[in-house]
Amino acid sequence: MRHLLSINDLTKSDALSILNTAETLARASDGPMKKLPTLRGRTIVNLFAEDSTRTRISFEAAAKRLSADVINFSAKGSSLSKGESLKDTAQTLQAMGADAVIIRHNASGAAHTLAKGEWMSGSVINAGDGTHEHPSQALLDAFTIRKHCARGNEDLTGLRVAIVGDILHSRVARSNVVLLTMLGAKVVLVAPPTLLPIGVQSWPAEVSYDFDSIIGEVDAVIMLRMQIERMTEMFIPNAREYSRFFGLDKDRLATMRANAIVMHPGPMNRGLEISAESADSARSVIVEQVKNGVSVRMAILYLLLAGTQELEI
Amino acid sequence: MSVALPAPDITRAITRIAHEILERNLGSESVTLLGIPTRGAHLAHRIATAIESITGKPVECGTLDITLHRDDLRLRAPRALAPTRIPPSGIENRNVVLIDDVLFSGRTIRAALDALGEVGRPRSVQLAVLVDRGHRQLPIKADYVGKNLPTSPQQIIKVHLSETDGVDEVLLEEAAG
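Protein chains in written order, with our numbering: chain A, 95 to 407; chain B, 1087 to 1263.
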C-alpha cells in the first residue's frame, strides 16, 4: 500500500491491520513511550487547501510523535491562492523531498489526481476531498465504535450504526458506509430526502427519514455537521425544523440503548444537529474521537511510510 | 535440517538462566524481566515461573516491543506491532533483564536499549538469550546464554516454543538455494 486515497482501496484485513496497529500505538502513547523514533528523517507535508482544525493538527501530532518532520502548507498565504496548479505544487514538494503529502482539498478527486499524476514519488494521504471521501476519519470512527461496542469480535459484526444528517455533502458518510459495512456493521442513513444523494439506494445501507424510529435500535449514532458552506440551494425549510426532526436533543438521547454512543466528526453546530446536552453527555465520545484520531493516523503513517514501498503489508 | 536444542535442553537452559539471574542479582527483588515479543516474551514468562519456583516469591515480568525503534524498518515491509507491557512499578532503578530467543547481529538489542531509554533509567540492563549464534554487527554481549551455537551467516536458526508453535525445539537449517 503506497497511498491512502479511498476506503475502497482497502481490504478488510488492511483495515483491521490499521485498527490493530492504532490500538498498540495508543497503548504506547498512553504509557511511557510518548515519542517514537520510527519516522526520523522523513518529511511529511500537510497540504490543506481547505480549512481544517482537527484533521490537520491530528496528522501533525501523529507525524511528530513518530519523529517525522512536518511542513504545514495551507491555501491561504501560499501560491495555491494565486492559482498555482496541483501539478506545479506537487513538483515543488517533490523537489523539496517530501516523503508523504497529506492533502485536504475542496475538489472531489484531488487526492486521486495528485497520486495518479506521478508527479512525486512519495505517498499521498487523502484528508478529505470535496464531498467524496475522508478515509482517516472513517478509520478513527470504526476504531472508536470497536472500542466501545464490539461484541467480543475483532470487527464490528452484529452492530448497527446510524449516520444522521447532511449525507449529501458528507465525505465522512461516504467513507464510513463503505468501511463500517466492510467490517460487518449494518449502517442506517437518516436524513431528509433533500439531503440524501442521488443513487443512495445503491449504497450498502438502509435509508430512513424517521430518526425517532431508528434511535432506539442502534449501538452508535454519528451526527453529521450541516455543511452550510457547501449549500447553494434551500435544502431544509429552516434550521429549527431540521433540528426538531433530525437533531439529537436530550429527549432523543434518553431513548438510546443502554451502552450506545454518540459521535460527531466535528466541528459541531451546537443547537442545530446536536444539542449541547447531547454533545456533553456521558454517552458522547466526541472528544475521545479526537484522541483516537491521533493513534489511527500514527498507524496510517507507520504502515505507509515505515517500510519499503516495494513490499505489501 | 537438524535439531540443535531438543525440548529437555531448552527446559534445562531456562532453569539454569533463572539460577544465574538470582545469583548475579542477589535474589529477585530488584529484577524486572522484559521479554522481546514474540518468543522472547514467552521465554521471559518461563524464566519468571522458574525464578518463582526457586524463591517462592513473584518476580516482575513484562514485554518490550522494539519494532518502532528498529533501524532496518526502511529495508522491509511494515511489521505488525506487539504490545509493550511494563510492570506497574516501572523500571526506574531496577535491574532489567532483557530476554530474546536468538542473539545474532545485536541490532534488536540495540533497538531494545533505545526503547528502554524512553521508558526510564534502570540501575542496570542485562541480557539473556536462549541461543547465541555469533556474527555480531554491534558491540553487544549476552550475560546469560542458553546455548552457544556456532553457525555460518547463511544458516537459519528457528526457535519453536510450545506457546506459539506447539513444540519446544531449536532447529538449524541450511540456507535455501
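From the three backbone atoms N, C-alpha and C, an ideal C-beta is built for every residue, glycine too.
Based on the DSSP output, what are the partners of residue i in its beta bridges?
i	result
glycine 1148 (chain B)	B:Leu1120
serine 302 (chain A)	A:Val284
methionine 357 (chain A)	A:Ile316
arginine 198 (chain A)	A:Phe142
lysine 1233 (chain B)	B:Val1217
asparagine 40 (chain A)	Since the displayed chain A opens at 95 and closes at 407, residue 40 (chain A) lies outside it and no answer follows.
valine 258 (chain A)	A:Val284, A:Met317
Any beta-carbon of chain A closer than 8 Å to the one on residue i?
i	result
threonine 1170 (chain B)	yes
proline 1164 (chain B)	yes
arginine 1160 (chain B)	yes
histidine 1155 (chain B)	yes
aspartate 1254 (chain B)	no
leucine 1167 (chain B)	yes
aspartate 1095 (chain B)	no
aspartate 1187 (chain B)	no
aspartate 1200 (chain B)	yes
threonine 1101 (chain B)	no
Closest Cβ-Cβ distance between residue i and chain B: below 8 Å?
i	result
alanine 400 (chain A)	yes
proline 331 (chain A)	no
leucine 130 (chain A)	yes
threonine 410 (chain A)	No answer is possible for residue 410 (chain A): it lies beyond the span of chain A, which begins at 95 and ends at 407.
alanine 51 (chain A)	Lying outside 95 to 407, the shown extent of chain A, residue 51 (chain A) is not represented and no answer is given.
tyrosine 336 (chain A)	no
threonine 137 (chain A)	no
leucine 39 (chain A)	With chain A running from 95 to 407 in the structure shown, residue 39 (chain A) is simply not present.
arginine 191 (chain A)	The residue you asked about is not arginine; residue 191 (chain A) is glycine in the sequence shown. So no, glycine 191 (chain A) is outside the interface.
tyrosine 396 (chain A)	yes
threonine 115 (chain A)	yes
glycine 216 (chain A)	no
glycine 125 (chain A)	yes
threonine 118 (chain A)	yes
Using beta-carbon positions only, say whether residue i and residue j come within less than 8 Å of one another.
i	j	result
arginine 319 (chain A)	asparagine 363 (chain A)	yes
valine 1182 (chain B)	leucine 1216 (chain B)	no
alanine 1198 (chain B)	isoleucine 1152 (chain B)	yes
leucine 273 (chain A)	alanine 232 (chain A)	yes
threonine 1149 (chain B)	threonine 1170 (chain B)	yes
glutamate 1255 (chain B)	proline 1092 (chain B)	yes
isoleucine 309 (chain A)	threonine 349 (chain A)	yes
glycine 125 (chain A)	isoleucine 1133 (chain B)	no
leucine 234 (chain A)	glycine 360 (chain A)	no
valine 384 (chain A)	serine 152 (chain A)	yes
valine 258 (chain A)	valine 284 (chain A)	yes
alanine 205 (chain A)	leucine 104 (chain A)	no
arginine 254 (chain A)	valine 282 (chain A)	yes
alanine 109 (chain A)	serine 389 (chain A)	no
glutamate 367 (chain A)	leucine 342 (chain A)	yes
phenylalanine 329 (chain A)	phenylalanine 305 (chain A)	no
alanine 192 (chain A)	glycine 211 (chain A)	no
phenylalanine 1190 (chain B)	arginine 1160 (chain B)	no
Drop a sphere of 10 angstroms on the beta-carbon of residue i, count the other beta-carbons inside from all chains shown, and report buried for 16 or more, exposed for fewer.
i	result
leucine 405 (chain A)	Caution applies to leucine 405 (chain A), whose pLDDT of 43 falls short of 50 and renders its modelled position unreliable; the value that the coordinates give is listed next. It counts as exposed.
arginine 334 (chain A)	exposed
histidine 228 (chain A)	buried
methionine 317 (chain A)	buried
proline 1123 (chain B)	buried
isoleucine 322 (chain A)	exposed
proline 1265 (chain B)	Because chain B here runs from 1087 to 1263, residue 1265 (chain B) falls outside it and cannot be looked at.
asparagine 140 (chain A)	buried
glutamine 295 (chain A)	exposed
glutamine 1212 (chain B)	buried
threonine 225 (chain A)	buried
arginine 1162 (chain B)	exposed
lysine 1143 (chain B)	exposed
isoleucine 1100 (chain B)	buried
serine 372 (chain A)	buried
threonine 132 (chain A)	buried
arginine 391 (chain A)	buried
May I ask which residues mark the beginning and end of the alpha helix (DSSP H) holding residue i?
i	result
glycine 1067 (chain B)	In the structure as shown, chain B starts at 1087 and stops at 1263, and residue 1067 (chain B) therefore has no counterpart that could be examined.
phenylalanine 339 (chain A)	333-340
histidine 1246 (chain B)	Note, histidine 1246 (chain B): premise wrong, no alpha helix (DSSP H); beta strand (DSSP E) at 1242-1246.
serine 1255 (chain B)	Note that residue 1255 (chain B) is glutamate in the sequence shown here, rather than serine. Per DSSP, glutamate 1255 (chain B) belongs to no alpha helix (DSSP H); it is in the beta strand (DSSP E), 1255-1259.
proline 131 (chain A)	Looking at the DSSP string, proline 131 (chain A) is not in any alpha helix (DSSP H), and its letter there is neither H nor E.
Measuring only from the beta carbon, is residue i closer than 7 Å to any heavy atom that is part of the ligand ADP?
i	result
valine 258 (chain A)	Summarising the ligand content, the structure contains no ligands, and the ligand ADP is consequently not present.
Please list the terminal residues of the continuous beta strand (DSSP E) segment that includes residue i.
i	result
tyrosine 396 (chain A)	Per DSSP, tyrosine 396 (chain A) belongs to no beta strand (DSSP E) and is neither H nor E.
serine 1175 (chain B)	That residue, serine 1175 (chain B), is in no beta strand (DSSP E); it is neither H nor E in DSSP.
isoleucine 1185 (chain B)	1181-1189
asparagine 1111 (chain B)	Note, asparagine 1111 (chain B): premise wrong, no beta strand (DSSP E); not H, not E.
serine 1210 (chain B)	1210-1218
phenylalanine 167 (chain A)	163-168
valine 1089 (chain B)	1088-1091
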